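Each remark here refers to the structure printed beneath this line.
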Amino acid sequence: MTVYEPPSNRDEEIAREVVDAAIRLPSALGPGLLESAYEQCLQHELARRGLRAARQVPVPIIYEGTCIETGFRLDLLVEDLVIVELKAVEAMIPLYDAQILTHLKLTGKHIGFLINFNVPRLKSGLKRFVRTPSS
Numbered sequence: 019m020t021v022y023e024p025p026s027n028r029d030e031e032i033a034r035e036v037v038d039a040a041i042r043l044p045s046a047l048g049p050g051l052l053e054s055a056y057e058q059c060l061q062h063e064l065a066r067r068g069l070r071a072a073r074q075v076p077v078p079i080i081y082e083g084t085c086i087e088t089g090f091r092l093d094l095l096v097e098d099l100v101i102v103e104l105k106a107v108e109a110m111i112p113l114y115d116a117q118i119l120t121h122l123k124l125t126g127k128h129i130g131f132l133i134n135f136n137v138p139r140l141k142s143g144l145k146r147f148v149r150t151p152s153s
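In our numbering, the protein residues as written are 19 to 153.
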């Protein structure tokens with residue numbers, strides 16, 4: 019059984035950089051791009067800040083002791099600590115929240131972001147998630 023640990027100072031530091039980098043993109047790029055374009059640009063912006071951000075990171079699922087390789091992919095994994103899932107959609111749905119919570123649970127990461135770039139102000143399209151002892 020894994021003991022729960024809250025996000026570390028490093029987790030929080032990376033989270034602040036992710037938010038700051040994400041907020042910069044809409045003013046530089048404008049609205050209406052595909053999710054993949056924002057993904058590449060956010061990866062570039064994070065790298066410019068000296069952070070490692072891996073794109074489309076495969077995550078296997080362990081089910082009943084069997085490793086299933088066709089699990090899912092994380093849009094971005096920053097410094098192997100913070101998960102970033104990107105959207106460019108008209109409306110967010112509760113399923114997206116459930117997905118990021120599942121990603122946190124399956125990877126054991128502490129902090130995740132769900133960012134929708136198809137909003138007038140990015141602040142309204144940004145949600146932070148923290149894995150809790152019960153998740």
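Glycine included, every Cβ here is placed at the ideal spot set by N, Cα and C. Computed from a predicted structure; not experimentally measured.
Can you look up residue i in the DSSP assignment and give me helix, strand or coil?
i      : result
Met19  : Note that Met19 scores 43 on pLDDT, short of 50, meaning its location in the model is unreliable; the coordinates nonetheless yield the value given after this. If DSSP states are grouped into helix, strand and coil, Met19 belongs with coil.
Phe135 : coil
Pro151 : coil
Leu52  : coil
Arg70  : coil
Ala116 : helix
Ile32  : helix
Pro44  : helix
Val37  : helix
Glu57  : helix
Let me check one thing: in DSSP terms, what residues is residue i bridge-paired to?
i      : result
Tyr81  : Thr84
Ile101 : Leu95, Gly130
Lys145 : Leu132
Pro76  : Arg91
Kindly indicate which residue of the options has the alpha-carbon position closest to the one of residue i.
i      : options                    : result
Pro44  : Glu35, Arg34, Ala55        : Ala55
Asp115 : Pro78, Ala33, Arg146       : Arg146
Met110 : Phe90, Leu144, Ile80       : Leu144
Glu97  : Glu23, Pro25, Asp29        : Asp29
Lys105 : Gln74, Leu52, Ala46, Arg67 : Leu52
Arg91  : Leu99, Ala72, Glu82        : Ala72
Ile101 : Gly130, Ile80, Leu113      : Gly130
Leu47  : Ser26, Val36, Glu63        : Glu63
For residue i versus residue j, is the C-beta distance shorter than 8 angstroms?
i      : j      : result
Asp93  : Glu108 : no
His128 : Val148 : yes
Asn134 : Pro49  : no
Ile32  : Leu69  : yes
Val77  : Thr125 : yes
Val75  : Leu99  : no
Are the segment 82–90 and the segment 51–65 in contact at 8 angstroms, needing three or more beta carbon pairs?
These segments do not touch.
Are at least three pairs of beta-carbons, each pair with one atom in the segment 137–146 and one in the segment 30–46, less than 8 angstroms apart?
yes
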